[in-house]
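Reminder that position 306 of the sequence shown reads as 307 in our numbering, one-by-one numbering, no gaps.
A quick write-up on the structure given underneath.
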Amino acid sequence: MKFATDFIIRGLVNYLDRDHIKNLKNLIDFLKFTGLYNVQPEAKRLIYERLDDPESPWYRAMKNIKRDLNKNVRKKLVGNFILRAGLFAKPKRDRLREQLQQNIPFALLMDPTSACNLECIGCWANDYAKTDSLSFELMDRIIREGKELATYIYIFSGGEPLIRKKEIIRLCEKHPDCFFMAFTNGTLIDDKFAAEVARVGNFAPAISIEGFEEMTDFRRGEGTYNKVIRAMDIMRSHGNLFGFSATYHRLNTEVMVSDKFIDLMLEKGCGFGWYFTYMPVGSDARPELIVTPEQREYMFHTLRATRKKRPMFLMDFWNDGEFINGCIAAGRQYLHINARGDVEPCAFIHYSNVNIKDTSLVEALRQPIFEEYRKRQPFNHNHLRPCPCLDNPEKLRSIVNASKAPSTQKYDNESVEKLTARCEEHACSWAPVAHSLNHATVEELHKRSSKINAQLVQKPEKEEKF
């Protein structure tokens with residue numbers, strides 16, 4: 002079966018690479034005919050109809066892929082990420098979810114190391130022990146077990162994952178049917194590593210950036226911004242796929258979605274951008290950095306407008322809950338394994354009943370905290386309030402207390418009551434805004450967008466200090 006799947010994927014990759022826009026439409030037509038084109042109506046419109054329009058962002062993004070990525074990277078992106086993980090593996094994951102009555106993830110996030118070469122303000126991983134690491138053999142075992150569950154996407158975080166870049170390249174080589182990503186500060190990317198990434202083809206970093214130079218350097222250290230920009234230039238020169246990872250908070254939100262910033266990221270060659278809102282996790286938490294409801298609504302409107310005019314795939318993991326039916330954690334679409342081996346529901350939720358060193362991946366997915374998550378997902382019928390911590394803190398308290406999952410933070414053993422107390426104010430103030438957005442007509446959304454832009458648009462080029 003695997004041989005047949007590999008053969009079909011290779012054929013489709015070569016077919017799409019010859020004329021990727023025309024042949025993608027032909028492939029979609031074929032999938033429609035066979036009934037395999039099972040995606041949301043909005044996605045159908047975006048992917049299919051807009052490919053007819055040379056001015057549409059999707060059309061231009063497809064052109065950019067052909068122009069900017071080397072052939073090996075293009076083929077691994079299409080073959081491993083889109084076809085194998087996205088299309089061919091989905092029926093097996095769905096079947097296993099039903100058969101095992103548990104969540105099966107689309108992607109798995111793990112930390113090769115908790116060590117880092119930077120000390121960023123408010124880092125969500127500050128309270129992990131800095132000496133923890135996952136061995137190459139353990140990471141390899143996790144991936145092998147994941148593939149048995151039809152999981153082919155693996156993402157590295159930390160700490161700084163590229164401290165272990167040799168092992169990461171080895172994993173890419175050993176699992177050429179998988180697609181790998183990493184959340185990295187970018188400071189360790191050099192020509193030698195970029196050449197290795199181009200050679201294996203199946204690795205794409207998301208490089209962290211806080212806006213422009215002043216804000217990036219203030220949170221991450223002097224000189225970091227210039228190193229990040231240089232890393233992007235190096236990756237682009239080798240024809241590699243990469244993107245940016247941005248944390249928006251009370252002091253930089255307007256900058257992070259400004260036309261000036263997005264255009265800079267496009268100029269540097271980013272193919273995608275992941276947006277995370279600031280989460281007040283750990284002893285170094287800064288609750289005053291949590292976005293205001295007005296800023297979160299600004300992100301809601303501005304990012305949707307940006308997608309209609311910029312050829313880049315952009316996602317806001319909190320405001321885009323409506324596209325993925327709420328929270329994706331605890332194996333519903335992803336999970337997190339920290340550098341000590343604790344299997345956590347989310348990178349921001351540091352509680353666990355099991356360690357991967359002591360159990361299999363499929364057993365870890367059955368642990369009590371994951372089962373409590375699964376029973377309650379989605380956490381809110383309004384998917385603009387997807388998070389059990391920031392948006393529905395009472396839900397996270399009930400999950401952790403019912404599962405009796407201890408804290409995995411070595412340095413402070415943060416209680417769930419202490420964590421969620423920092424989120425109560427935002428949850429209460431965001432709820433009515435999310436409700437009104439969820440029930441607004443298109444005309445009403447347009448009016449709200451104009452109003453919120455008028456209130457906040459004065460600040461997009463300004464970066465405030467902490």
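C-beta atoms are modelled at their ideal positions from N, C-alpha and C, and glycine is treated no differently.
Candidates the options: closest to residue i by CA position
i	options	result
Arg142	Asp359, Leu28, Cys429	Asp359
Glu289	Phe194, Ala422, Arg98	Ala422
Met280	Gly123, Trp59, Lys228, Asp234	Gly123
Glu149	Ile169, Ser404, Asp343, Lys93	Lys93
His176	Ala183, Tyr153, Phe184	Tyr153
Met236	Ala205, Thr254, His351	Ala205
Leu139	Asp30, Pro407, Ser57, Leu172	Leu172
Ser430	Ala441, Leu362, Arg297, Arg398	Arg297
Val14	Lys228, Tyr60, Asn73	Asn73
Asp133	Arg165, His250, Ala455, His239	Arg165
Pro58	Ile22, Phe89, Glu168, Val79	Ile22
Pro113	Asn104, Gln100, Ser136, Glu120	Ser136
Leu242	Leu78, His427, Tyr60, Pro55	Leu78
Cys424	Leu457, Arg341, Thr278	Thr278
Asn383	Gln334, Leu336, Arg367, His440	His440
Lys3	Ala90, Asp192, Gly342	Ala90
Cys117	Arg145, Ser158, Asn393, His447	Ser158
Whole-angstrom distance between residue j and residue i, CA atom to CA atom
i	j	result
Lys452	Gly147	47 Å
Ile291	Phe8	49 Å
Glu325	Ala331	Checking the displayed sequence, the identity of residue 325 turns out to be Ile instead of Glu. Roughly 14 Å separates the two Cα atoms.
Glu197	Lys64	25 Å
Gln473	Thr248	Residue 473 lies beyond the stretch modelled for the chain, which goes from 2 to 467, so this question has no answer here.
Lys76	Glu395	45 Å
Ala286	Trp125	8 Å
Asn381	Leu84	31 Å
Arg398	Pro346	14 Å
Arg449	Leu385	16 Å
Asp20	Gly222	44 Å
Leu110	Arg68	30 Å
Met233	Met266	9 Å
Pro106	Asn402	24 Å
Glu445	Glu415	42 Å
Cut-off 6 Å between Cβ atoms - residues of its own chain near residue i, not counting five sequence neighbours on either side
i	result
Arg320	The residue you asked about is not Arg; residue 320 is Asn in the sequence shown. The answer, listed in chain order, is Met300, Phe301.
Tyr226	Glu214, Thr217, Asp218
Thr188	Lys228
Val344	Ile338, Ser353, Val355, Ile357, Ala365
DSSP state of residue i mapped onto helix, strand, coil
i	result
Ala44	Confidence at Ala44 is low in this model, with a pLDDT of 49, below 50, so its placement is unreliable and no value can be given for it.
Ile210	coil
Trp125	coil
Phe89	helix
Ala108	strand
Ser158	coil
Tyr299	helix
Asn73	helix
Ile350	strand
Tyr276	strand
Thr254	helix
Ala441	coil
Ser115	coil
Phe194	helix
Phe184	strand
CB contact check: residue i to chain B, cutoff 8 Å
i	result
Ser437	Structure shown: chain B not included; a single protein chain is present.
Spatial neighbours of residue i in its chain, beta-carbon cut-off 7 Å, leaving aside the 5 residues before and after
i	result
Thr307	Val258, Ile263, Leu315
Ile400	Ile370, Glu373, Tyr374, Arg377, Pro389
Gln410	Asp128, Tyr129, Gly283, His351
Pro294	Ser430, Trp431, Val434
Ala428	Leu391, Asp392, Asn393, Pro394
Cys121	Arg220, Arg221
Own chain partners of residue i with C-beta closer than 8 Å, once the 5 adjacent residues on each side are dropped
i	result
Leu119	Glu161, Asn186, Thr188, Arg221, Gly222, Thr225
*Start-end ranges of the beta strand (DSSP E) lying completely within the region 311-346, minimum 3 residues*: 314-317, 335-338
*Whole alpha helix (DSSP H) runs in the region 220-264 with 4 or more residues, listed along the chain?*
225-238, 254-257
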